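Asks:
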Amino acid sequence: MSLFTLSEADLRARTSLKWQTFPSDVLPMWVAEMDAMPLPEAVDAVTEALQRGDTGYPYGTGYADAYADLAASRWGWRPAPEQLRRAGDVMNAMLSLLLGNTAEGDHIVINPPVYPPFWQIIAGYRRHITQVPLTASGRLDLAALEAAFTGPDAPTAYLLCSPHNPTGTIHTPEELSAVARLCAEHDVLLIVDEIHALLVDPGAAFTPILSLPDAQNAVVTFSAGKCWNLAAFKAGLYIRGTEASALFDRLPPLANQSTGHIGALAHTAALRHGEAWVDQVMVEVAANKDLLTRLVAERLPGVRYDRAPGTYLAWLDCSGLGLERPRDHFLAQGKVAFNNGSDFGADYGQYIRMNLAASPELITEAVERMATSLG
Ligand SMILES: Cc1ncc(COP(=O)(O)O)c(C=O)c1O
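In structure tokens form, the structure reads like this:
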């Protein structure tokens with residue numbers, strides 16, 4: 107079975123962001139949409155709901171229950187019903203947590219390079235960003251976090267991405283426990299985005315932070331939208347630690363009310379029936395990571411790719427190429443579109459992010475276009 111078999115013509119017929127933003131001579135390898143057909147059970151859930159005329163408001167705890175069952179079977183940890191709440195999507199859930207628990211003018215910590223909306227929900231809502239970059243090897247910098255927590259602009263919250271977008275770092279249980287203890291000690295609200303939770307290489311172990319006994323001060327945001335490529339269906343979850351019981355009471359009004367009913371049905375079907383599907387995605391993505399490693403070595407001297415076990419994204423350091431703006435160069439000269447590293451942090455303009463949830467043929471074509479553009 108192979109999931110990335112759609113022809114380029116079929117992909118270009120899609121009307122979503124990845125395939126429509128650029129003209130048809132550009133190969134889009136950017137935003138995190140997968141070039142796969144969706145899980146059949148998710149399609150059935152949506153189709154059957156439409157056939158029933160079941161297009162009203164969401165009801166019940168089906169999504170939360172499906173998440174709890176998956177967490178128990180996959181990670182050996184089961185959140186209790188009172189730890190779970192519906193959300194519309196991950197970024198709005200994180201924003202609601204920030205609005206309910208921090209004030210204008212507060213300082214909020216993030217780890218650049220990091221997913222651009224992390225910057226936007228802080229700076230766009232009149233909070234200040236405290237940058238604690240990942241280390242050169244892509245790990246959390248515990249000493250720098252402690253320095254930030256004890257510095258003059260002590261933060262009130264910390265947005266952690268786990269696994270980390272764009273580097274693909276999977277944080278270890280030790281790192282996660284240490285971070286949670288630091289946050290508890292310095293009264294920093296720890297908000298963890300686990301949307302990439304199942305997107306890990308075969309054999310790589312992801313640890314949900316709330317499975318750790320000393321991280322019960324954290325709150326997690328999750329959505330099946332990323333792992334099963336269901337971003338078209340808005341739904342998600344808040345999951346709070348056992349010691350964070352007050353958090354849900356402090357959410358702003360309507361923070362739980364933006365879930366789409368059919369979105370919740372599609373995500374629930376994915377959580378109940380889609381583990382083999384996402385694991386197959388990551389078998390193919392792992393092969394794509396190997397392919398990219400080989401192609402970069404052969405065709406792109408000057409580009410550095412450090413293969414990482416999390417996500418289907420590749421974070422490529424192009425500083426050896428001597429280009430002013432690598433992403434713009436590859437778009438204009440190579441007709442291949444990547445995410446611009448500078449969107450993940452001002453210091454990362456020499457990086458591009460490449461989407462590997464694609465066929466090996468398109469990944470090979472993307473590298474060929476890059477190589478050709480370099481002359
Ligand atoms: C780390 C991270 N968080 C959140 C999102 C978006 O999630 P949602 O559409 O549920 O807000 C993405 C999408 O790629 C992501 O990579």
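If you count the sequence shown from 1, you need to add 106 to reach this note's numbering.
Note that the Cβ used here is the ideal one computed from N, Cα and C, for glycine as well.
Treat the numbers as computed from the prediction; the structure is a model and nothing was measured.
Just curious, the beta strand (DSSP E) that A420 is in, first and last residue?
Replies: Counted from its first residue, the sequence shown places residue 420 at position 314. From DSSP, the beta strand (DSSP E) with A420 extends over 419-423.
Asks: Work out the CA separation of L296 and Y173 for me, nearest whole Å.
Replies: By one-based count along the sequence shown, residue 173 stands at place 67. By one-based count along the sequence shown, residue 296 stands at place 190. Looking at the two C-alpha atoms, the distance is approximately 21 Å.
Asks: Taking 7 Å as the cut-off, is the C-beta of C289 nearer than that to any heavy atom in ligand 1?
Replies: Your numbering for residue 289 matches position 183 in the sequence shown. Outside the cutoff, so no.
Asks: Is the beta carbon of K482 sitting closer than 8 Å to the one on A420?
Replies: Nothing about residue 482 can be read from this structure; the chain reaches only from 107 to 481.
Asks: Are T315 and L397 close, meaning C-beta to C-beta below 8 Å?
Replies: Residue mapping note: residue 315 aligns to position 209 of the sequence shown, counting from 1. Residue mapping note: residue 397 aligns to position 291 of the sequence shown, counting from 1. First, the amino acid is wrong: residue 315 is Ile here, not Thr. For I315 and L397, no; Cβs fall outside 8 Å.
Asks: Would you grab the beta carbon distance between L246 and H292 for me? Rounded to a whole angstrom, and I think it's under 8 Å.
Replies: For the purposes of this step, residue 246 is taken as residue 140 along the sequence shown, with counting starting at 1. For the purposes of this step, residue 292 is taken as residue 186 along the sequence shown, with counting starting at 1. No, L246 and H292 are not in contact; Cβ-Cβ is about 15 Å, not under 8 Å.
Asks: Is the distance from the Cβ of P218 to the Cβ of D423 below 8 Å?
Replies: As a working mapping, residue 218 is identified with position 112 in the sequence shown. As a working mapping, residue 423 is identified with position 317 in the sequence shown. Cβ distance not < 8 Å, so P218 and D423 don't count as in contact.
Asks: Buried or exposed: where does P508 fall if 16 or more other Cβ atoms within 10 Å of its Cβ makes it buried?
Replies: It is not possible to answer for residue 508, since the shown part of the chain is limited to 107 through 481.
Asks: Applying the criterion that 16 or more other CB atoms from any shown protein chain within 10 Å of the CB defines a buried residue, is Y264 buried or exposed?
Replies: Looking up residue 264 in the sequence shown gives position 158. Looking at its Cβ environment, which holds 16 or more other Cβ atoms inside 10 Å, Y264 is buried.
Asks: Indicate, with yes or no, if ligand 1 has a heavy atom lying under 7 Å from the CB of C267.
Replies: Counting from one through the sequence shown, the residue named residue 267 turns up at place 161. Yes, ligand 1 has a heavy atom inside 7 Å of this Cβ.
Asks: What separation, rounded to the nearest whole angstrom, lies between the Cα atoms of D434 and Y457?
Replies: Counting from 1 along the sequence shown, the entry for residue 434 is found at position 328. Counting from 1 along the sequence shown, the entry for residue 457 is found at position 351. So the alpha carbons of these two residues sit roughly 11 Å apart.
Asks: Provide the residue(s) that pair with I368 in DSSP beta bridges, ordered along the chain.
Replies: Residue mapping note: residue 368 aligns to position 262 of the sequence shown, counting from 1. Partner residues in a beta bridge of I368, as assigned by DSSP, do not exist.
Asks: Using only Cβ atoms and a threshold of 7 Å, which residues come within that distance of a heavy atom of ligand 1? Order them by chain position.
Replies: A138, D195, V196, M197, N198, Y221, P223, C267, N271, D299, I301, H302, S329, G331, K332, A337, G342
Asks: Can you tell which of L266, V215, G230 has its C-alpha closest to the C-alpha of T256?
Replies: Numbered from 1 along the sequence shown, position 150 holds the residue referred to as residue 256. The residue with the shortest Cα to Cα distance from T256 is V215.
Asks: Within a Cβ cutoff of 6 Å, which residues of the same chain sit near S108, ignoring the five residues on either side of it in sequence?
Replies: For this step, residue 108 is matched to residue 2 along the sequence shown. Once the five neighbours on either side are set aside, S108 has no close Cβ partner at all.
Asks: If you draw a straight line from the C-alpha of T236 to the C-alpha of R431, how long is it?
Replies: One-based indexing of the sequence shown puts residue 236 at position 130. One-based indexing of the sequence shown puts residue 431 at position 325. In a straight line, the C-alpha of T236 is about 26 Å away from that of R431.
Asks: In the DSSP output, what is A193 paired with across the bridge?
Replies: Translated into the one-based positions of the sequence shown, residue 193 becomes position 87. DSSP, once it has assigned bridges, lists G342 as partnering A193.
Asks: Using only the alpha-carbon positions, how far apart do G332 and V285 sit?
Replies: As a working note, residue 332 is residue 226 in the sequence shown. As a working note, residue 285 is residue 179 in the sequence shown. Here residue 332 is Lys; the residue named in the question, Gly, does not match the sequence. If I take the Cα positions, the gap works out to 25 Å.
Asks: Under the rule that 16 or more other beta-carbon atoms within 10 Å means buried, what is V149, buried or exposed?
Replies: As a first step, residue 149 is located in the sequence shown; it is residue number 43 there, counting from the start. Exposed, since its Cβ has fewer than 16 Cβ neighbours within 10 Å.
Asks: Can you tell me whether L201 sits near ligand 3, meaning its C-beta is under 7 Å from at least one heavy atom of the ligand?
Replies: This structure does not include ligand 3; its bound ligands are ligand 1.
Asks: Near G426, what residues of its chain come up, given a Cβ to Cβ distance below 6 Å and the 5 sequence neighbours on each side ignored?
Replies: Sequence index remark: in the sequence shown, residue 426 carries index 320 (1-based). Cβ neighbours of G426 beyond the five flanking positions: G408.
Asks: Where G416 and T208 are concerned, what is the direct C-alpha to C-alpha distance, given to the nearest angstrom?
Replies: Here the question's residue 416 lines up with position 310 in the sequence shown. Here the question's residue 208 lines up with position 102 in the sequence shown. Distance between the alpha carbons of G416 and T208: 30 Å.
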